[in-house]
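Colleague: Can you read through this structure? Questions will come right after.
Chains as they are written, first to last, in the working numbering: chain Z, 1 to 425; chain H, 1001 to 1425.
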């Protein structure tokens, strides 16, 4: 039997926009991986009457109800009381939990336990206790009229710790199905073009399903299968992933890879190569994206942000005569920048970006959205021209950085390097 | 009359946990600032029947209903059709919107418009059109039986652009009152320390209100007043803002400034100065943040990402003997990096960052979270040591970049430069 879940977060701070509901995201990922269908997220404030109404709706449409928040000791946390009253479960004091909370305060924090923490040791009669090794508020689960109710704490690290240690084992015992997903990552084609390449029947499949997500500068396709075992789910997914990759061709930069920079990182590491950067209009974004990855120093030596033309000449050694003749936003400048970065850092490869990110055209009148992206390698230097149109500045920068990584991954995987039409739909 | 709102996000990717519902957070902040009470967030998948049920519940309990998502051109975006059918509003083709979308593709992106984008030009009869300057899907608003329905796109930057330009003016017109807010931006003090400095009565005020928002590496305070006119709201806010600034002192880096880098940008521009960067553990983040601002070339010349120690020596000219004696993560290295960046770029000022961002300590055993941040100026070089503890890599990088900008803004505004205790609670 397949389960349907609703995640109810209780907290006025969510409704005021002080924080995002990341707990719902973490829970949804975990539940999906168990084959539990999450159909609703609801956020409601610390208000007993409105919480009761939300519980009443949830109980009618879902058979797994997970609440987050409202287990703390303060007086505005009435969630536990409200939920227990709604499901007709009296709260009872668990002396062993009270002892644990007291030990946490006296042993770990070296202070006496505040008296209102006693309330945290009260849990619904007959529940499964979820203990909280990183905080004081325990959670719990109970079943009432066919609905499984799980109460988890609000602070994200307490919630995710309790999820892994207690809630997932509890939920796993409810289900026989497994869900497996694979992400097919593409760069260089818009969402509508991807959709038009894929046949209607691919997009309408029921199990496995295929969904398209447009990230700011990329398109990701997720294939998901539900089956009695991981092996049978994988067997359903293999032909789908292979078909999509074949149809989309070399715009696919990886399956289950998180980003273009991660694809480059893995390919560079596998081949024992390092690279460097020379950036003008992206202003350090290519460098920042690769160095956001732990272990980046294995593949990345460093680079230059040559924002002013003088820095292109003085630090990267781009000849002044070349800059005068072609301008700083030109194929010639991009090539010389990449070659300069490779020379001064001693890296095996270097990528460069120079362009007009806007909002104004560059000083020589190069229109907004134009950029030249080059790759210097032992075999020679490759260059691609991008025309991103009059997009927002951060989008142009993001696209240009993606092109730099795309040149790199094409070089590293032996694909045609500059063939891509770099006009963006 | 006071309004009650529900935010309904439509998207299976939210229920699968692929993304967090940040749109709901952004909308909640904006609506709260207008004095509109957001009472529920709901997330539902791309499923017409379940969406109809959610709309039916929302219509009964809220008088403002804001939907996000489901306006795209792909086949799984049935939100618009479902909402219009539910509220009995036929969809009609708006030729002027179609022309805009075609212009966007042909004019700005230089490609023909894919045929399925035609659907995006269909909007409910008699609605107020919200145009979309950063994407193709327009939004809209209409009133039906006393409920105001606003349909906004799902991609966060499109949603927030349309919110600012169209949805907020629409919502503001529903109320007779004016709401004015000012943001007091701070860096260098944790949220609880800020709270403890402010008196109870400041935090409990009703109108104006004072709210604290902890961003990943900063604390923002927002003072908001509700009044019949802008002038009277401003008159209520002036003493509150002045008081908070006086109490918090020089951790306040600006009022209604968006970020530390913007504060630096404005101060540099006012004084006609330029700066450069030399980055190790931040990997280009300082450069990327300043160049994200339009017009950055007025104040920023460029810099070096000296990720490998050899790049510190070869490109920035840090003496090898110094690096051998003190290590690349040291006060001496930070000072020499800043001085090197200043020298090779010819900038008036330069900032540098070198540290251990983790997850592993640096090769000489410097613990994760330690960084040295230096500022080279004509008067000499200043250095600050940061201890961010074992935070996540991106948090350590973000904090270190903030320190670089903080040194710069303190220098530019004549404040004590390195006095701040840079241990992070």
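In this text, a Cβ means the ideal position worked out from N, Cα and C, and glycines have one as well.
I need the boundaries of the alpha helix (DSSP H) containing residue 84 of chain Z, first residue and last residue.
Modeller: Along the first chain, one-based indexing puts residue 84 of chain Z at 84. Note, residue 84 of chain Z: alpha helix (DSSP H), 79-86.
Colleague: So, with DSSP's three-state summary, where would you put residue 1067 of chain H?
Modeller: For the purposes of this step, residue 1067 of chain H is identified with residue 67 of the second chain, where counting begins at 1. Looking at residue 1067 of chain H - three-state DSSP - the assignment turns out to be strand.
Colleague: What's the gap between the Cα of residue 1043 of chain H and the Cα of residue 1070 of chain H?
Modeller: Within the second chain, residue 1043 of chain H is the residue found at index 43, counting from 1. Within the second chain, residue 1070 of chain H is the residue found at index 70, counting from 1. The alpha-carbon atoms of residue 1043 of chain H and residue 1070 of chain H are separated by roughly 12 Å.
Colleague: At the level of alpha carbons, what is the spacing between residue 1130 of chain H and residue 1165 of chain H?
Modeller: What you label residue 1130 of chain H is simply residue 130 of the second chain in a count that begins at 1. What you label residue 1165 of chain H is simply residue 165 of the second chain in a count that begins at 1. So the alpha carbons of these two residues sit roughly 8 Å apart.
Colleague: Using a Cβ-Cβ cut-off of less than 8 Å, give me the residues of the stretch 78-105 of chain Z that come near chain H, in sequence order.
Modeller: Listed by position, the residues of the stretch 78-105 of chain Z near chain H (Cβ gap below 8 Å) amount to none.
Colleague: Tell me whether residue 157 of chain Z is buried or exposed, calling it buried when 16 or more other Cβ atoms sit within 10 Å of its Cβ.
Modeller: Taking the first residue of the first chain as 1, we reach residue 157 of chain Z at position 157. Answer is exposed; the Cβ neighbour count stays below 16.
Colleague: So, do the stretch 364-381 of chain Z and the stretch 348-355 of chain Z have three or more beta carbon pairs nearer to each other than 8 Å?
Modeller: They touch, by the three-pair rule.
Colleague: Counting only Cβ pairs nearer than 9 Å, list the residues of chain H close to residue 42 of chain Z.
Modeller: By one-based count along the first chain, residue 42 of chain Z stands at place 42. Residues of chain H passing the Cβ test: 1040, 1041, 1042 and 1043.
Colleague: Return helix, strand or coil for residue 253 of chain Z, following the three-state DSSP convention.
Modeller: Within the first chain, numbered from 1, the residue matching residue 253 of chain Z stands at position 253. DSSP places residue 253 of chain Z in strand when its eight states are reduced to three.
Colleague: Under a Cβ-count criterion, where at least 16 other Cβ atoms within 10 Å of its own Cβ denotes burial, should residue 1421 of chain H be classed as buried or exposed?
Modeller: Counting from 1 along the second chain, the entry for residue 1421 of chain H is found at position 421. The predicted position of residue 1421 of chain H is uncertain, since its pLDDT is 46 and thus under 50; a value taken from the coordinates is nonetheless stated next. Counting Cβ neighbours within 10 Å, residue 1421 of chain H comes out exposed, since fewer than 16 surround it.
Colleague: For the stretch 1259-1277 of chain H and the stretch 263-276 of chain Z, state whether three or more C-beta atom pairs, one from each stretch, are separated by less than 8 Å.
Modeller: Contact between the stretch 1259-1277 of chain H and the stretch 263-276 of chain Z is absent, because fewer than three Cβ pairs lie under 8 Å.
Colleague: Is DSSP giving residue 1187 of chain H helix, strand or coil here?
Modeller: Walking along the second chain from the start, residue 1187 of chain H turns up at place 187. Three-state DSSP puts residue 1187 of chain H in coil, outside helix and strand.
Colleague: For the putative contact between residue 222 of chain Z and residue 256 of chain Z, defined by C-beta atoms under 8 Å, what is the C-beta separation to the nearest angstrom?
Modeller: Residue 222 of chain Z sits at position 222 when you count from the first residue of the first chain. Residue 256 of chain Z sits at position 256 when you count from the first residue of the first chain. Residue 222 of chain Z to residue 256 of chain Z, Cβ: 10 Å. No contact.
Colleague: Mapping the DSSP letters down to three states, classify residue 2 of chain Z as helix, strand or coil.
Modeller: On the first chain, position 2 is the one that residue 2 of chain Z refers to. Three-state DSSP puts residue 2 of chain Z in coil, outside helix and strand.
Colleague: Which chain H residues sit within Cβ distance under 9 Å of residue 206 of chain Z?
Modeller: What you label residue 206 of chain Z is simply residue 206 of the first chain in a count that begins at 1. By Cβ distance, chain H contributes nothing, its closest Cβ being about 13 Å from residue 206 of chain Z, past 9 Å.
Colleague: Please classify residue 93 of chain Z as buried or exposed, where buried requires at least 16 other C-beta atoms within 10 Å of its C-beta.
Modeller: Numbered from 1 along the first chain, position 93 holds the residue referred to as residue 93 of chain Z. Exposed: under 16 other Cβ atoms inside 10 Å.
Colleague: Ignore the nearest five residues each way along the sequence and tell me which others in residue 104 of chain Z's own chain have a CB closer than 6 Å to its CB.
Modeller: Position 104 of the first chain, counting from 1, holds the residue named residue 104 of chain Z. Closer than 6 Å at Cβ, skipping near neighbours: 136.
Colleague: Helix, strand or coil, according to DSSP, for residue 1151 of chain H in the structure here?
Modeller: Along the second chain, read from residue 1 onward, the residue named residue 1151 of chain H stands at position 151. Correct three-state label for residue 1151 of chain H: strand.
Colleague: Is there a Cβ of chain H sitting closer than 8 Å to that of residue 403 of chain Z, yes or no?
Modeller: What you label residue 403 of chain Z is simply residue 403 of the first chain in a count that begins at 1. Not closer than 8 Å to any Cβ of chain H, the Cβ of residue 403 of chain Z fails to qualify, so no.
Colleague: Run through chain H and tell me which residues come within less than 8 Å of residue 351 of chain Z, C-beta to C-beta.
Modeller: Locating residue 351 of chain Z in the first chain gives position 351, counting from the first residue. By Cβ distance, chain H contributes nothing, its closest Cβ being about 13 Å from residue 351 of chain Z, past 8 Å.
Colleague: Would residue 1021 of chain H and residue 20 of chain Z qualify as a contact pair, given that the criterion is a beta-carbon distance under 8 Å?
Modeller: Position 21 of the second chain, counted from the first residue, corresponds to residue 1021 of chain H. Position 20 of the first chain, counted from the first residue, corresponds to residue 20 of chain Z. Taking 8 Å as the Cβ cut-off, residue 1021 of chain H and residue 20 of chain Z qualify as a contacting pair.
Colleague: Could you spell out the range, first to last residue, of the alpha helix (DSSP H) harbouring residue 1036 of chain H?
Modeller: Taking the first residue of the second chain as position 1, residue 1036 of chain H is located at position 36. That residue, residue 1036 of chain H, is in no alpha helix (DSSP H); it is neither H nor E in DSSP.
Colleague: Using a cut-off of 7 Å between C-beta atoms, extract the partners of residue 288 of chain Z located in chain H.
Modeller: Locating residue 288 of chain Z in the first chain gives position 288, counting from the first residue. Those are 1283, 1284, 1285 and 1288, listed as they occur along chain H.
Colleague: What would DSSP say about residue 281 of chain Z, mapped onto helix, strand or coil?
Modeller: Counting from 1 along the first chain, the entry for residue 281 of chain Z is found at position 281. It is coil, neither helix nor strand.
Colleague: Note down, in chain order, each residue of its chain lying with its Cβ closer than 7 Å to the Cβ of residue 1443 of chain H, except the 5 sequence neighbours on either side.
Modeller: No answer is possible for residue 1443 of chain H: it lies beyond the span of chain H, which begins at 1001 and ends at 1425.
Colleague: Residue 1015 of chain H and residue 41 of chain Z: beta carbons closer than 8 Å?
Modeller: Here residue 1015 of chain H refers to the residue found at position 15 of the second chain. Here residue 41 of chain Z refers to the residue found at position 41 of the first chain. Yes; because the gap between Cβ atoms is below 8 Å, this pair is in contact.
Colleague: Going by the beta-carbon positions, is the gap between residue 1010 of chain H and residue 1055 of chain H smaller than 8 Å?
Modeller: Residue mapping note: residue 1010 of chain H aligns to position 10 of the second chain, counting from 1. Residue mapping note: residue 1055 of chain H aligns to position 55 of the second chain, counting from 1. It is not a contact, given that the beta carbons lie outside the stated cut-off.
Colleague: List the endpoints of the continuous alpha helix (DSSP H) containing residue 1142 of chain H.
Modeller: As a position in the second chain, residue 1142 of chain H is number 142, starting the count at 1. Run containing residue 1142 of chain H: none in the alpha helix (DSSP H); it sits in the beta strand (DSSP E), 1139-1144.
Colleague: Measuring CB atoms only, is the stretch 1224-1243 of chain H touching the stretch 1314-1328 of chain H, in the sense that at least three cross pairs come out at less than 8 Å?
Modeller: No, they do not touch.
Colleague: Who are the neighbours of residue 1057 of chain H on chain Z, taking C-beta pairs under 8 Å?
Modeller: Position 57 of the second chain, counting from 1, holds the residue named residue 1057 of chain H. Going along chain Z in sequence order, the residues near residue 1057 of chain H (Cβ under 8 Å) are 57.
Colleague: Hey, quick one: how far does the alpha helix (DSSP H) through residue 160 of chain Z stretch, first residue to last?
Modeller: Indexing the first chain from 1 puts residue 160 of chain Z at position 160. Looking at the DSSP string, the run of the alpha helix (DSSP H) that includes residue 160 of chain Z is 156-162.
Colleague: Using Cβ-Cβ distances below 9 Å, what residues of the stretch 1296-1330 of chain H are close to chain Z?
Modeller: Taking 9 Å as the Cβ-Cβ cut-off against chain Z, the residues of the stretch 1296-1330 of chain H that qualify are 1296, 1297, 1300, 1301, 1302, 1303, 1304, 1305, 1306, 1307, 1308, 1310, 1311, 1312, 1314 and 1315.
Colleague: According to DSSP, simplified to helix, strand and coil, what is residue 387 of chain Z?
Modeller: Taking the first chain and counting its residues from 1, one reaches residue 387 of chain Z at position 387. Three-state DSSP puts residue 387 of chain Z in a strand.
Colleague: Rounded to whole angstroms, how far is the Cβ of residue 1068 of chain H from the Cβ of residue 1152 of chain H, which I believe are closer than 8 Å?
Modeller: As a working mapping, residue 1068 of chain H is identified with position 68 in the second chain. As a working mapping, residue 1152 of chain H is identified with position 152 in the second chain. So it is a contact: roughly 5 Å between Cβ atoms.
Colleague: Just how far apart, CA to CA, sit residue 278 of chain Z and residue 303 of chain Z?
Modeller: Taking the first chain and counting its residues from 1, one reaches residue 278 of chain Z at position 278. Taking the first chain and counting its residues from 1, one reaches residue 303 of chain Z at position 303. So the two alpha carbons sit approximately 6 Å from each other.
Colleague: Between the stretch 380-404 of chain Z and chain H, which residues of the former have a C-beta closer than 9 Å to a C-beta of the latter?
Modeller: Listed by position along the chain: 387, 388, 389, 390, 391, 392, 393, 394, 395 and 397.
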